[in-house]
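Undergrad: Numbering (our numbering), first residue to last: 1 to 331.
Below is a structure I'd like to ask you about.
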């Protein structure tokens, strides 16, 4: 039975969804746990894990297994998905949301669902939650089962990925125009955040796809009804998104290699010029060193015009070095 408390702890919202009538009744924020008992339709609970009493509330919530409760209260930051005893539970990856806009920071949405209820928990606000909630308020008849809410959440995450891919593509276009311009500019610092986001998205998408395929291979007695059809559709969505993300990752990698190549060429050019300057300056250094030695009977030591002779020798040595470098094919 539910704990004897006056209100559901950490409740962000609760809906009683009645597909038969096409209505979604939003329960009060201070609703008592008794309001969640059996009735028409099914319940969607969305809880904030910042409330320390959520764990105790879920411990006594009927219909949940220990594994499902652990999935709802975990603070681990990796995706999970499992089906057991007609329950589907785990952790979905998503984007965090600020008050005014979504971010590119990864967030985690924990969930557990059966045929009669779906519970979602989070520590930070999640992007995909609000669009799904708004869609349910507009047309609850589309969501006949909790499994369809799960599908809508993952599909909304996929749409968020596609929106992010378009934004990252625009950023790469700008960087690409600069990289392939005649003027050399180091865009690696600007490219690094884009590569970091793309790599993380690709990693999480591959993980989610693997988890869905593994959950689909579970025994039919453990999976909620309709899971196989839903996971097939979601796998196709995520696979398409992952292909776009992977293409973006390869493009960012090639841009990084192009930047490195141009910077290496520029460094080699500078070293080449430095080597030429060294080759030109070595003969004059030899000449000036010879005329500056503290020995007697040096040529032009006592005569007039020794400086002119020395300058002439320096110029001739530079010309000789230039001729030798040209003959060797270096210049």
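Just so it is clear, CB atoms sit at the ideal spot from N, CA and C, and this is done for glycine as well.
On the DSSP bridge assignment, give the partners of residue 48 in chain order.
TA: Here residue 48 corresponds to residue number 48 of the chain shown, with the count starting at 1. In DSSP, residue 48 forms a bridge with 122.
Undergrad: Please list, in chain order, all residues of the same chain as residue 245 whose beta carbon is under 8 Å from its beta carbon, the five residues on each side excluded.
TA: By one-based count along the chain shown, residue 245 stands at place 245. Same-chain partners within the cutoff: 161, 165, 198, 201, 202 and 205.
Undergrad: Jot down the residue ranges of each uninterrupted alpha helix (DSSP H) in the segment 66 to 99, minimum 4 residues, whole runs only, in chain order.
TA: DSSP runs (the alpha helix (DSSP H)) wholly in the segment 66 to 99: 66 to 73.
Undergrad: Out of curiosity, what's the CA-to-CA distance linking residue 32 and residue 130?
TA: The residue labelled residue 32 in the question sits at position 32 within the chain shown. The residue labelled residue 130 in the question sits at position 130 within the chain shown. Rounded to the nearest angstrom, the two C-alpha atoms are 23 Å apart.
Undergrad: Going straight from the alpha carbon of residue 25 to that of residue 222, what length do you get?
TA: What you label residue 25 is simply residue 25 of the chain shown in a count that begins at 1. What you label residue 222 is simply residue 222 of the chain shown in a count that begins at 1. Between residue 25 and residue 222, the C-alpha separation is close to 30 Å.
Undergrad: Alpha carbons only, please: which of 119, 173 and 263 is nearest the one belonging to residue 88?
TA: The sequence position of residue 88 within the chain shown is 88, counting from 1. With distances taken between Cα atoms, residue 88 lies closest to 119.
Undergrad: In angstroms, rounded to a whole number, what distance separates the CA positions of residue 280 and residue 183?
TA: Within the chain shown, numbered from 1, the residue matching residue 280 stands at position 280. Within the chain shown, numbered from 1, the residue matching residue 183 stands at position 183. Cα-Cα distance, rounded: 29 Å.
Undergrad: Assuming residue 26 is part of the beta strand (DSSP E), what are its boundary residues?
TA: Taking the chain shown and counting its residues from 1, one reaches residue 26 at position 26. Element bounds for residue 26: 23 to 27.
Undergrad: Would you tell me roughly how many angstroms separate the C-alpha atoms of residue 320 and residue 252, rounded to the nearest one?
TA: For this step, residue 320 is matched to residue 320 along the chain shown. For this step, residue 252 is matched to residue 252 along the chain shown. C-alpha separation (whole angstroms): 48 Å.
Undergrad: List the endpoints of the continuous beta strand (DSSP E) containing residue 12.
TA: Here residue 12 corresponds to residue number 12 of the chain shown, with the count starting at 1. Looking at the DSSP string, the run of the beta strand (DSSP E) that includes residue 12 is 11 to 18.
Undergrad: State buried or exposed for residue 193, treating a residue as buried only when at least 16 other CB atoms are found within 10 Å of its CB.
TA: The residue labelled residue 193 in the question sits at position 193 within the chain shown. By the neighbour-count rule (16 or more Cβ atoms within 10 Å), residue 193 is not buried but exposed.
Undergrad: Opposite residue 110 in the DSSP bridges: which residues?
TA: Here residue 110 refers to the residue found at position 110 when the chain shown is read from its first residue. Its beta-bridge partners are 91 and 121.
Undergrad: Rounded to whole angstroms, what is the Cα-Cα separation between residue 116 and residue 19?
TA: Along the chain shown, one-based indexing puts residue 116 at 116. Along the chain shown, one-based indexing puts residue 19 at 19. The straight-line gap from Cα to Cα measures roughly 12 Å.
Undergrad: Can you name, in chain order, every residue of its own chain whose Cβ lies under 6 Å from the Cβ of residue 102, other than the five neighbours on each side?
TA: Residue numbering aside, residue 102 sits at position 102 when the chain shown is read from its first letter. Excluding sequence neighbours, residue 102 sits near 95 and 127.
Undergrad: Roughly how many angstroms lie between the CA atoms of residue 180 and residue 276, to the nearest whole one?
TA: Reading the chain shown from its first residue, position 180 is the one you call residue 180. Reading the chain shown from its first residue, position 276 is the one you call residue 276. Computed Cα separation, rounded: 28 Å.
Undergrad: Return helix, strand or coil for residue 157, following the three-state DSSP convention.
TA: Translated into positions along the chain shown, residue 157 becomes position 157. Residue 157 falls in the helix class under three-state DSSP.
Undergrad: Return the chain-ordered list of same chain residues with a C-beta closer than 6 Å to the C-beta of residue 242, the five sequence neighbours on each side being excluded.
TA: As a first step, residue 242 is located in the chain shown; it is residue number 242 there, counting from the start. If we look at residue 242 and ignore the five residues flanking it on each side, its Cβ neighbours are 205.
Undergrad: Return the bridge partner residues of residue 43 from the DSSP annotation.
TA: Here residue 43 is taken as the residue at index 43 of the chain shown, counted from 1. Note: residue 43 sits in a beta bridge opposite 16 and 117.
Undergrad: Does residue 269 pass the burial test, meaning 16 or more other C-beta atoms within 10 Å, or should it be called exposed?
TA: If you number the chain shown from 1, residue 269 lands on position 269. That one is exposed.
Undergrad: Quick one: what does DSSP say residue 102 is sitting in, helix, strand or coil?
TA: In the chain shown, residue 102 corresponds to position 102, counting from 1. Correct three-state label for residue 102: strand.
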